[in-house]
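Scroll down for the structure; my scribbles are underneath it.
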Amino acid sequence: MPEQQDHARVGTAPQRRGEQPPLLASRLTPTVPSEPVVARPRLLGRLDEGGAGPVTLVTGPAGWGKTTLLASWVRLTEPGSTSGPAWVSVEAGDDGDRLWAYLAAALRTATGAADDDLVTPLPTGPPRPDQLELLAAGLAAAEQPVLLVLDDLHRITDPAALTGLEFLLRHSEQRLHLVVGARAGLPLALHRLRLAGELTEIGPEELAFTDDEVADLLTAHGAPLPAAAVRRLRERTGGWPAALRIAALALRGQPDPERWVGQFGGDQPEIAGYLQEEVLAAVDPADRDLLRRTALAETVCADLAEALTGRADAGQALADLAGAGGLLHPEGSRPPWYRCDPLLADLLRAELARMPADEVRELHVRAADWYAGAGRPADGLRHALAGCRWDLAGDLFVAHWPELTRYDSDPVSGPLSPSPPCPPPEVVHADPEVALACAAERAYAGDLPAAAGHLRTAAGHAGALPVPRRDRFLRLATALELTLARLAGDLPQARAAAARLLRTRPTDSPPVGVPDRRAAGSPAGQAARGPEPMSTRPSDADDADLRAFTGTALGLVELSAGALPDARFVRARAAAREAGRPRTELVAASRSALLLAVRGDLRAAETAARDALGMPLCRGWSCRLDCGYAYLALAVVALHRDQPEEAAANLALAAPATGAAGAVSPAGAVGSAGPAGGVSLAEAGSSDWSGSSAEPMAAAVFAWCRAGLDRDAGDPAAAQRLLARAREALPDEPAAAELSGLLRAAEVETRAERGDLDSARDLLAGVTGDAVTPALDVALARVELRAGDLGAAGRALPDWQAPSAAAWPLAVRLDAGLLEAVLAERAGDGRRAGRVLEQVLDLAGPQGCRRAFTRAQPSVRDLLAAHLDAGTAHFSLVSDLVRGVEEGASRPAVEPGGLLDEPLTERELTILRYLQSILSNVEIAAELSLSINTVKTHVRNIYRKLGATRRREAVRRARELRLI
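The sequence shown begins at 7 in our numbering and counts up one residue at a time.
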């Protein structure tokens, strides 16, 4: 390469001063990366973009591939360029004199001239101010910008050595472009550059390998893995390149590679040795002790670190380790919380386990006390049990039992919570509630068999309790039974436990609403040893807890059966707020938001969703599912208000509630985007979503919303497929009839929209009895109207103004009212059509519901225009709706695939739909049960047929052709 020849010439340049030591050519030449090297075009592109600006900074701890990336980028410089980037490798011990000696050689290489040829001689030591001005002027006059790469610049500790570089950047008229590789803690004015928009930063989050890059690395090392194992390895390493290379080398000799990946951790000799030598060796012993002790927790803040270590400067130490050392990663919360990389955390916990047992127990006790005082009872309970503080564990459980319930499918503690030691028999005999605390902790961690065992143990010792304590014990044990039954999917047992729990409430309490069913043989029932005592009843605070907990639990049970229990969650949320239970309130608020949105109470739904998203989340909870419900509620609200881009953006954030492919997490771990992020309709979730989800109601609403966007975008076929799969995935329960009816009605309308009236009627004909809902009646009326049979349409139309219709979803009532107005107009009764339309507007106006009008049949536009001329109390709304209907009608239609010379195959179309999502090629391969190489072959064919070179370009082209 040309730049390599220049580097060799500069490296062997003759000395001009006797005191100047010789320069090493190897420090002026890009490091040769170890083979094989994985191509990382996304990062090379970022360097191309950043290299055109003043400063690009590539930062990360040891082993994050900074040098390899920079060297690969420099070596890929166009051979046709007159001079490639200049390179300087900074070494430990370099001072200002030595640094500037190499900088002079590098700049000489970049300009392609010797000192005798330069108007301004290059300094070989820290330049004086006059020399800097002359050098800046010389660079400004250069024909081409000078690109200088400084690797490992963190080894320069003297800020004065870099002052000259900052001056040149400011005054060389953007002819000097600097690319820096460093760990952290650079003595450069980064804040000024960042504020001026002159800094491009590539950090550990971008340096981390993606699934595709991990797969490529393993394949290059001759150790390919299935997609699921690739994903596990990436998650286990955090995408750390050095660890992945070590794993790739070790995998080649493994008889069972997938099992080896499952056991891969930071305590393995190869990883531990690298971490010890390259990462922890330079850490101050006091800071290393802080890291070891705080490894007790998954995340740590300043106050918790101070409690565990006794260091008053713990907060500053954490900030330094996150900044200069890059050993901790801030969570983005206030106050700041930090976490270790997974493998480093493994090593630190292995060191922690080798500490004296008494000292480790003391750390758990300190953690338990701190968490209890900080309002994080779940973490407090876990550490209290691990520290054998049985009294504290029992007190925490009794005081905070509603907040110790696991509401979602993701264990909060994960690998950090191995089963704590069991309390001695004498402790359980004296206080059976300690065993209940153990059961709650295990249920929270997802270990249901262990939780049931602790519950049985507790019930066996409850008979000796005095009556008041026994009453409390029964309530708590029954609450645990309800939790275990719900998590196990035993809905009848969950309802029975809820009924028993509610019988402990005062007789004058407001009803929660649950059938009175008794379950024989339950641990709590056995512990009662006879009829329930008539004495002690819960206090007002206890009653609020019971209402909040039971209402939320029953609501979740009904949701899992496909029902829409909005009123139950609304009451549970109010009770949780009354009782001061934020975790329960968050669950109820997020679910009620979605259910209210489906019902059509858009204002209340939006308020509840934003309240849920605005609640403080940094309490050790796993809130991804709750946030997913809230974002899905906002998507439904936006769809009803005819805001498709807003709906798409919120759908993209609703993945945790639906399991839909192509959506993103609100936490940002997988490339988060929000409404401001411009998420496209296609990126809001793949239309090839499978329909399977642990949250069937949320998944069904997601499908209904996504299908509406597909229809609006001119792709009714995709909408029809999505609705059919979602309907089939709903539970076969009578409670799911209403939700199933909404999906079926949308599918009927989609079929009718495509002109397939016969199949639309057939779809309706298969529904009988209680499964016939108002939504299906309205759908039938629409089909008959499209068929031109006004009489049949009128007979099918339900009475949307009857008192019972108040319980219908608002969209169904609006559709029915608009149909009645259209039928009246067709019958020549314009006055009645106007009256009906005004009543429909009365319903829609307060909620801001527009979609029923703007996406309705063309005759609705004429009705609205005539209504505007006749006079209406909703003049502004109707004017806006008329414009909205006209805009929708003016959208140009594109014939799908009409411009392709070579059509896409069915498999290519399937993969193309996945390309809309944020799924990597590895994840697409896993979804379709294909090899990664097969997927890449199809992707190349898709690009060729669409005339695209990148994924985003292919998706855009496919949308233009209505292929997706």
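C-beta: ideal position from N, C-alpha, C; glycine also.
Under a Cβ-count criterion, where at least 16 other Cβ atoms within 10 Å of its own Cβ denotes burial, should residue 810 be classed as buried or exposed?
Your numbering for residue 810 matches position 804 in the sequence shown. With fewer than 16 Cβ atoms within 10 Å of its Cβ, residue 810 is classed as exposed.
Check whether the Cβ atoms of residue 174 and residue 199 sit closer than 8 Å, and answer yes or no.
Position 168 of the sequence shown holds residue 174. Position 193 of the sequence shown holds residue 199. Between residue 174 and residue 199, the CB-CB gap reaches or exceeds 8 Å.
Report the three-state DSSP secondary structure of residue 92 (helix, strand or coil).
As a first step, residue 92 must be located in the sequence shown, where it is residue number 86. DSSP, reduced to helix, strand and coil, places residue 92 within a strand of the structure shown.
May I have the straight-line CA-CA distance separating residue 391 from residue 426, to the nearest angstrom?
Position 385 of the sequence shown, counted from the start, is the residue given in the question as residue 391. Position 420 of the sequence shown, counted from the start, is the residue given in the question as residue 426. The straight-line gap from Cα to Cα measures roughly 6 Å.
Residues near residue 833 by beta carbon distance below 8 Å, same chain, minus five either side
Indexing the sequence shown from 1 puts residue 833 at position 827. Within the same chain, residue 833 has close Cβ partners 796.
Considering only residues of the same chain and omitting the five flanking positions on each side of residue 309, which have a CB-CB separation below 6 Å?
Taking the first residue of the sequence shown as position 1, residue 309 is located at position 303. Closer than 6 Å at Cβ, skipping near neighbours: no residue.
According to the Cβ coordinates, are residue 461 and residue 481 closer than 8 Å?
Start at 1 with the first residue of the sequence shown, and residue 461 comes out as number 455. Start at 1 with the first residue of the sequence shown, and residue 481 comes out as number 475. No, these two residues do not count as a Cβ contact at 8 Å.
Under three-state DSSP, which class holds residue 252?
Along the sequence shown, read from residue 1 onward, the residue named residue 252 stands at position 246. In this structure, residue 252 counts as helix in the three-state DSSP scheme.
What do you reckon, are the CB atoms on residue 783 and residue 771 nearer than 8 Å?
For the purposes of this step, residue 783 is taken as residue 777 along the sequence shown, with counting starting at 1. For the purposes of this step, residue 771 is taken as residue 765 along the sequence shown, with counting starting at 1. Contact flag unset, no.
Specify the secondary structure class of residue 336 as computed by DSSP and reduced to three states.
Working through the sequence shown from its first residue, we reach residue 336 at position 330. Three-state result, residue 336: strand.
For residue 413, name the three-state secondary structure that DSSP assigns.
To locate residue 413, count along the sequence shown from 1; it is residue 407. If DSSP states are grouped into helix, strand and coil, residue 413 belongs with coil.
Sequence-distant residues of its chain with Cβ nearer than 7 Å to residue 816 (five each side left out):
In the sequence shown, residue 816 corresponds to position 810, counting from 1. The answer, listed in chain order, is 605, 606, 849, 853, 855.
How many angstroms separate the CA atom of residue 319 from the CA atom of residue 333?
Stepping through the sequence shown from its first residue, residue 319 is reached at position 313. Stepping through the sequence shown from its first residue, residue 333 is reached at position 327. As the crow flies, the alpha-carbon of residue 319 is around 17 Å from that of residue 333.
Following a CB-centred definition, is residue 507 positioned closer than 7 Å to any heavy atom of the ligand FMN?
Among the components modelled here there is no ligand, and therefore nothing to report on the ligand FMN.
Assuming residue 748 contacts residue 710 under a Cβ cut-off of 8 Å, what Cβ separation, rounded to an integer in Å, is found between them?
Here residue 748 corresponds to residue number 742 of the sequence shown, with the count starting at 1. Here residue 710 corresponds to residue number 704 of the sequence shown, with the count starting at 1. Under the criterion of beta carbons closer than 8 Å, residue 748 and residue 710 qualify as touching, at roughly 6 Å.
Check the C-beta distance from residue 603 over to residue 611 and give it rounded, since I have them as a contact under 8 Å.
Position 597 of the sequence shown, counting from 1, holds the residue named residue 603. Position 605 of the sequence shown, counting from 1, holds the residue named residue 611. About 4 Å separates the two Cβ atoms, so the contact holds.
Residues in its own chain within less than 6 Å of residue 315 by CB, not counting five upstream and five downstream?
Residue numbering aside, residue 315 sits at position 309 when the sequence shown is read from its first letter. 296, 299, listed in sequence order.
Distance, residue 116 Cα to residue 146 Cα
As a position in the sequence shown, residue 146 is number 140, starting the count at 1. As a position in the sequence shown, residue 116 is number 110, starting the count at 1. Near 14 Å, if we compare the C-alpha coordinates of residue 116 and residue 146.
In DSSP terms, what residue 183 is bridged to
Against the sequence shown, residue 183 aligns to sequence position 177. BP columns for residue 183 point to 153.
Here's the rule: buried if 16 or more other CB atoms are within 10 angstroms of the residue's CB, otherwise exposed. What is residue 774?
Locating residue 774 in the sequence shown gives position 768, where the first residue counts as 1. With fewer than 16 other Cβ atoms within 10 Å, it is exposed.
Status (buried if at least 16 other CB within 10 Å, exposed otherwise) for residue 312
Position 306 of the sequence shown, counting from 1, holds the residue named residue 312. Residue 312 comes out buried.
What do you get for residue 499, buried or exposed, if any count of 16 or more other CB atoms within 10 angstroms of its CB means buried?
As a working note, residue 499 is residue 493 in the sequence shown. By the Cβ-count criterion, residue 499 is buried, with 16 or more other Cβ atoms from all chains shown falling within 10 Å of its own Cβ.
C-alpha distance - residue 2 paired with residue 448, whole-angstrom precision
Any answer about residue 2 is impossible in this case: the structure gives the chain only from 7 up to 970.
Alpha carbon to alpha carbon, how far is residue 222 from residue 373?
Locating residue 222 in the sequence shown gives position 216, where the first residue counts as 1. Locating residue 373 in the sequence shown gives position 367, where the first residue counts as 1. Their backbone Cα atoms lie some 42 Å apart in a straight line.
Do residue 707 and residue 642 have their C-beta atoms closer together than 8 Å?
The residue you call residue 707 lines up with position 701 of the sequence shown. The residue you call residue 642 lines up with position 636 of the sequence shown. Yes, these two residues count as a Cβ contact at 8 Å.
Check for me: the beta strand (DSSP E) holding residue 64 runs from which residue to which?
Within the sequence shown, residue 64 is the residue found at index 58, counting from 1. First-last of the beta strand (DSSP E) with residue 64: 61 to 65.
Using 8 Å as the threshold, is the segment 216 to 233 in touch with the segment 254 to 265, meaning 3 or more CB pairs across them?
yes
Quick check on DSSP: helix, strand or coil for residue 303?
Here the question's residue 303 lines up with position 297 in the sequence shown. Three-state DSSP puts residue 303 in coil, outside helix and strand.
Roughly how many whole angstroms lie between the Cα atoms of residue 808 and residue 822?
The count along the sequence shown starts at 1 and reaches residue 808 at position 802. The count along the sequence shown starts at 1 and reaches residue 822 at position 816. Roughly 12 Å between the two C-alpha positions.
What are the residues that DSSP puts in a beta bridge with residue 930?
Within the sequence shown, numbered from 1, the residue matching residue 930 stands at position 924. According to DSSP, residue 930 bridges with nothing at all.
Looking at the structure shown, is residue 343 part of a helix, part of a strand, or coil, going by DSSP?
Here residue 343 corresponds to residue number 337 of the sequence shown, with the count starting at 1. In this structure, residue 343 counts as strand in the three-state DSSP scheme.
Looking at residue 371 and residue 396, is the spacing between their C-beta atoms short of 8 Å?
Locating residue 396 in the sequence shown gives position 390, counting from the first residue. Locating residue 371 in the sequence shown gives position 365, counting from the first residue. Not a contact, by the Cβ cut-off of 8 Å.
Helix, strand or coil at residue 378 according to DSSP, with G and I counted as helix
Residue mapping note: residue 378 aligns to position 372 of the sequence shown, counting from 1. Three-state result, residue 378: helix.
With C-beta atoms as the reference, is residue 750 less than 8 Å away from residue 767?
As a working note, residue 750 is residue 744 in the sequence shown. As a working note, residue 767 is residue 761 in the sequence shown. No; because the gap between Cβ atoms is not below 8 Å, this pair is not in contact.
Could you tell me if residue 361 is buried or exposed, where buried requires 16 or more neighbouring beta carbons within 10 angstroms of its beta carbon?
Here residue 361 corresponds to residue number 355 of the sequence shown, with the count starting at 1. Result: exposed.
Taking the straight line between their C-alpha atoms, what separation do you get for residue 777 and residue 738?
For the purposes of this step, residue 777 is identified with residue 771 of the sequence shown, where counting begins at 1. For the purposes of this step, residue 738 is identified with residue 732 of the sequence shown, where counting begins at 1. Roughly 11 Å between the two C-alpha positions.
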